[in-house]
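Numbering (this note's numbering), first residue to last: 687 to 1298.
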């Protein structure tokens, strides 16, 4: 028996004096207008608080929160309640915090949707949520993603869920809340809560159907059903001897041909039926866990690897998801990430969309311009450089406009050094020089292995990774072997390299082995980062590192994860190697870097390892 639950609710809201205030909180319930919409989207329950250094009109804020929650959530075509709530909350937060740009406004919310017998909860900022089940009180276990935290799970008849602001929870924890009466006029401005006790509203038999977006699957199944019916009739006709020529003039030979063709078509139809049957019978969704309960998914192989972590310099982390691009655009498939100054840029190659956010706070916004084919994001003199289907561009992230553009539709892997552009074309690395708004080119290096290149990065020397898991290094146009520490698990075929003249180390993204590997410039293994849960990094796409080398940003699927680096440890390692590096740098032989300052260097003649 399938159940749809509803909830008896108790809202606790503070009493506000006057029309304006610098802080207030509120709980609210938003029900859909129709029963059909209730079955499709559920009911919204929310508690939020807001504070500012300027006066706020609480009636205006209340209306904004209520209307955006109602309109965006119930009108969204996204079938995922969690993603829809996150996107809706982000829109509310942007609206209420940007009403007066001169003020500093803080907004926190805990919102939940009861859909059938599953509760979906999303929290932005601070707040508290609890599940009371058979007399036991426990916090709802959530998965954090930056400022968001989410949870979902089955709730049962008589379960109670408590959503509250942090200030409310500090004074009225669950045990006190459930054992005493709390007059609303005793609540402080930022204290609000909502209690939900779940009861059975409707029970469905196994034969009753609720539409969960599978109508398309049913339509695809119609073809196979028609074929089944056709051949059922045909088989019955043959068995009963009813397959006869309609004309008395039809020869036995023609009849034999028709029967032969029919027999030939039967295996083909069987294959079609079998294939469509898989579509008709969608996989039963995994049983939802009870709300607040964790699921362990580590594999035995992953556990075996952990035994040798210390020896292999592996650090297991539970990285924080800084942001999920799906929150603001659920149709985008981001492919690359780059840090430019204090901003994070994410790009999607197919659509050409570019998203920009401050490093400190996840507030991604899509630029008005789109660049289909965008790839090879790089930081170039406080601007973003990349190539797309048209050529090479320098994009001003402050004005969100293109400052420079050069036509060359054949570019794939590119990077910049000083005022030059380097690109891989076939078996060659080409050096482009800007001349009167155009690019002139020369062959910088030639190697047949370049045809298998996966990524290109420049840090004095040029580094190229290839599909055979190699890291190739070229200095002054010549091959300069990069011997790195042998790893317990060899690098995979899709490795991407990130290096820069501002960084001490070289960073490798290894998607096939779900890790980030760090070498110093001599190839010595510094550290490997892997996640505690194997499935966390299941689709690693790109990597970038902040200029101060404090943070690594990993793009996995649509999410951006942040790794905080042990800066002090890295600095100590760098200091022990500083002297020999300086000694090597003062070698005055031709094509060797002679000065770390570019002020007195003639561009193109002594540009570190990239000299001709």
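C-beta atoms are modelled at their ideal positions from N, C-alpha and C, and glycine is treated no differently.
6 angstroms Cβ shell around residue i - same chain, five flanking residues per side excluded
i, result
"residue 1159", "1147, 1149, 1166 and 1168"
"residue 1163", "1130 and 1131"
"residue 1144", "1101 and 1103"
"residue 1299", "Because the chain spans 687 through 1298 in this model, residue 1299 falls outside it and cannot be assessed."
"residue 1043", "1030, 1049 and 1050"
"residue 1013", "772, 773 and 776"
"residue 1240", "1229 and 1247"
"residue 1070", "1026, 1031, 1081 and 1083"
"residue 1245", "1007 and 1010"
As assigned by DSSP and simplified to three states, the class of residue i
i, result
"residue 1024", "strand"
"residue 1151", "strand"
"residue 860", "helix"
"residue 672", "Past the edges of the chain, shown from 687 to 1298, lies residue 672, and the structure says nothing about it."
"residue 1180", "coil"
"residue 1206", "strand"
"residue 710", "strand"
"residue 1156", "coil"
"residue 1242", "strand"
"residue 717", "coil"
"residue 745", "helix"
"residue 775", "helix"
"residue 997", "coil"
"residue 1053", "coil"
"residue 726", "helix"
"residue 769", "helix"
"residue 1168", "coil"
"residue 1060", "coil"
"residue 763", "coil"
"residue 1012", "helix"
"residue 698", "strand"
"residue 1199", "helix"
"residue 1175", "coil"
"residue 992", "helix"
"residue 1044", "strand"
"residue 1186", "coil"
"residue 885", "strand"
Residue from the options with nearest C-alpha to residue i
i, options, result
"residue 1206", "1224, 848, 1235 and 1218", "1235"
"residue 1029", "1004, 1064, 1057 and 1003", "1064"
"residue 757", "766, 746, 747 and 770", "770"
"residue 1004", "1082, 878, 1215 and 1162", "1215"
"residue 1202", "695, 1187 and 1231", "1231"
"residue 1193", "1083, 1093 and 1182", "1182"
"residue 1034", "1027, 1046, 1021 and 1044", "1021"
"residue 755", "870, 1085 and 733", "733"
"residue 736", "764, 762 and 783", "783"
"residue 885", "1108, 1222 and 691", "691"
"residue 1227", "775, 1032, 761 and 1174", "1032"
"residue 1225", "861, 1198 and 1251", "1198"
"residue 1103", "1089, 1087, 1094 and 1120", "1120"
"residue 1299", "1046, 1045, 1052 and 1027", "Here the chain has residues from 687 to 1298 only, and residue 1299 is not among them."
"residue 695", "763, 705, 849 and 1070", "849"
"residue 1109", "1062, 1082, 994 and 991", "1062"
"residue 1140", "860, 1105 and 1178", "1178"
"residue 1217", "722, 1244 and 1200", "1200"
Own chain, CB closer than 7 angstroms to residue i, minus 5 neighbours either side, in chain order
i, result
"residue 1048", "832, 833, 1008 and 1009"
"residue 877", "700, 711, 851, 853, 854 and 857"
"residue 1127", "1116, 1117 and 1118"
"residue 868", "698 and 858"
"residue 767", "728, 799, 801 and 806"
"residue 1188", "1233"
"residue 812", "794 and 852"
"residue 1111", "1096"
"residue 803", "689, 690, 691, 840 and 841"
"residue 1152", "1135, 1138, 1139, 1140 and 1158"
"residue 1180", "1140, 1197 and 1198"
Neighbourhood of residue i by C-beta, 8 angstroms cutoff - its chain only, sequence neighbours within 5 removed
i, result
"residue 895", "With a pLDDT of only 38 at residue 895, under the threshold of 50, the placement of this residue in the model should not be trusted, and no figure is reported."
"residue 828", "807, 809, 815, 835, 836 and 837"
"residue 1124", "1092"
*Between the segment 737-753 and the segment 788-801, are three or more C-beta pairs nearer than 8 angstroms?*
yes
query: Enumerated in chain order, which unbroken segments of the beta strand (DSSP E) with a length of 3 residues or greater are wholly contained in the segment 786-871?
result: 791-801, 804-810, 814-819, 822-825, 829-831, 834-840 and 846-850
What ranges does the beta strand (DSSP E) occupy inside the segment 1091-1154, keeping only unbroken runs of at least 3 residues that lie completely in it? 1099-1103, 1106-1111, 1114-1121, 1124-1132, 1139-1145 and 1147-1152
_I want to know whether the segment 1041-1058 touches the segment 1072-1080 - three or more CB-CB distances under 8 angstroms._
yes
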